[in-house]
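Below is one structure; the comments refer to it alone.
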Amino acid sequence: MNEQLSPEILALLKDPNTLIPAVVQDKDSNEVLMLAYMNTQSLAISVATGKATYWSRSRNELWEKGLTSGNSQIIHSISIDCDGDSILLKVEQQGAACHTGNKSCFYRTIS
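Using full-length UniProt numbering, you'd call the opening residue of the sequence shown number 1 and step up by one each time.
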């Protein structure tokens, strides 16, 4: 797949050559599910396919959420923040978002 971002989307990004933090939120409950990272290639694939695709920092490769686990994320909206240095994805989560099996990666509370 050779997807590219449009010049209009690229213009919104502060630095298209860096990894961009992506906050992932449930489209219905607004619960924050996870934080991942995207590069321009994973963002372009996500825009083109409607499936959340990220950049895996540990594996140094593209990572389509749910491709191996079945816990996919169908994108309903993508927003870029005012500084152009972070992304918000609102998704329909299929299964658990967290690799631990929890719905959200933010299940540990500090008291």
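Where a beta carbon is used, it is the ideal one built from N, C-alpha and C, also for glycine.
If the five residues before and after residue 34 are omitted, its C-beta is found closer than 6 Å to the C-beta atoms of 24, 97 and 105, all from its own chain and listed in chain order. Residue pairing by DSSP puts residue 75 in a beta bridge opposite 91.
The beta-bridge partner set that DSSP reports for residue 32 consists of 25.
For residue 14, the number of other beta carbons within 10 angstroms of its own is below 16, and it is reported as exposed. When only Cα atoms are considered, residue 82 and residue 95 end up about 31 Å apart. By the neighbour-count criterion, in which 16 or more other beta carbons inside 10 Å mark a residue as buried, residue 4 falls on the exposed side. If you ignore the 5 residues before and after residue 56, its C-beta comes within less than 7 Å of the C-beta of 63, all in its own chain and listed in chain order.
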